[in-house]
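Asks: Respectively, the protein sequence lines represent chains A and B. Just so we're aligned: 1131 in my numbering is position 109 of the first sequence, and the numbers increase by one with no gaps anywhere. Just so we're aligned: 200 in my numbering is position 61 of the second sequence, and the numbers increase by one with no gaps anywhere.
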Amino acid sequence: DVKVTQSSRYLVKRTGEKVFLECVQDMDHENMFWYRQDPGLGLRLIYFSYDVKMKEKGDIPEGYSVSREKKERFSLILESASTNQTSMYLCASSWDSARVDEQYFGPGTRLTVT
Amino acid sequence: KQEVTQIPAALSVPEGENLVLNCSFTDSAIYNLQWFRQDPGKGLTSLLLIQSSQREQTSGRLNASLDKSSGRSTLYIAASQPGDSATYLCAVRPSGSARQLTFGSGTQLTVLP
């Protein structure tokens, strides 16, 4: 079974802190994604990566950065956390295949910024 | 820009009923469509993926259909159970090299015992 894990289920940080959210997948997937999910707004893509050291902006990259130094790990960084970044953060991964590119999601990290 | 709509936003049915969840999308140039389930406070679980060349996919009591030309997909759940209670989301991947999905806002399903 594909397994996508996220470093924390719940996280509470203060405004202005630098925050790291880690995601690890064990299926040798090329693609990895970071989303945030908010009531009434649904899932929105923040960043994605299709290879080591490659990254592309999604729909809402402002205030975030990412790092992918190894194929299995994709980190989301909040450079200076703000209260409007309180949200559920979901990581996903998939093969980069023309036929099999189902996205698999981690359990999510609920981040509260106070 | 692709927009994905799911109607209704919430649905409540008695146990044992067959039900249909709807998903529509504005741009028919899609690569595939994926249905997910999300339990409260949890991540998404993939249920079914339909390639653009396919008409339907089945897994157990679930059947998903795709009509690309009309921009519609349905998820049929047979003989619903209380354990089916969750939010169901559909998402489309556009044609071409783009890998990201566009999600609908979901249908919150409650199956009453």
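All C-beta atoms in this analysis are idealised placements derived from N, C-alpha and C, irrespective of residue type, glycine included.
Which term fits residue 1054 of chain A, buried or exposed, when burial requires 16 or more other beta carbons within 10 angstroms of its beta carbon?
Replies: Residue 1054 of chain A should be labelled buried.
Asks: Going by C-alpha to C-alpha distance, which of B/184, B/185 and B/207 sits closest to residue 195 of chain B?
Replies: If we check each option's Cα against that of residue 195 of chain B, B/207 comes out closest.
Asks: Looking only at its chain, what residues have a beta carbon closer than 6 Å to the beta carbon of residue 183 of chain B, apart from the 5 residues adjacent to it on each side?
Replies: Counting only Cβ-Cβ distances below 6 Å, and skipping sequence neighbours, we find 175 and 177.
Asks: Verify whether the separation of the beta carbon atoms of residue 233 of chain B and residue 189 of chain B is less than 8 Å.
Replies: The answer is no: Cβ separation not under 8 Å.
Asks: What residues of chain A sit near residue 173 of chain B, judged by a beta carbon separation below 8 Å?
Replies: In chain order: 1124 and 1125.
Asks: Put residue 1106 of chain A into one of helix, strand or coil per three-state DSSP.
Replies: Three-state DSSP puts residue 1106 of chain A in a helix.
Asks: Beta carbon of residue 1089 of chain A, beta carbon of residue 1026 of chain A: below 8 Å?
Replies: No; because the gap between Cβ atoms is not below 8 Å, this pair is not in contact.
Asks: Compute every distance between the C-beta of residue 188 of chain B and the non-hydrogen atoms of the ligand ATP, then say whether any falls below 7 Å.
Replies: As far as ligands go, the structure on display features none, and thus does not contain the ligand ATP.
Asks: Counting pairs of beta carbons, one from the segment 1101 to 1116 of chain A and one from the segment 1056 to 1064 of chain A, are three or more of them closer than 8 Å?
Replies: As far as the Cβ criterion goes, the segment 1101 to 1116 of chain A touches the segment 1056 to 1064 of chain A, which means the pair count is three or higher.
Asks: By the criterion of Cβ-Cβ separation under 7 Å, what are the contact partners of residue 191 of chain B in chain A?
Replies: Those do not exist, as residue 191 of chain B stays about 11 Å from chain A at its closest Cβ, beyond 7 Å.
Asks: At 3 residues or longer, and completely inside the segment 1040 to 1079 of chain A: list those beta strand (DSSP E) runs for me, N to C.
Replies: Correct list: 1041 to 1047, 1053 to 1060 and 1064 to 1071.
Asks: Cβ of residue 1083 of chain A less than 8 Å from any chain B Cβ?
Replies: Not closer than 8 Å to any Cβ of chain B, the Cβ of residue 1083 of chain A fails to qualify, so no.
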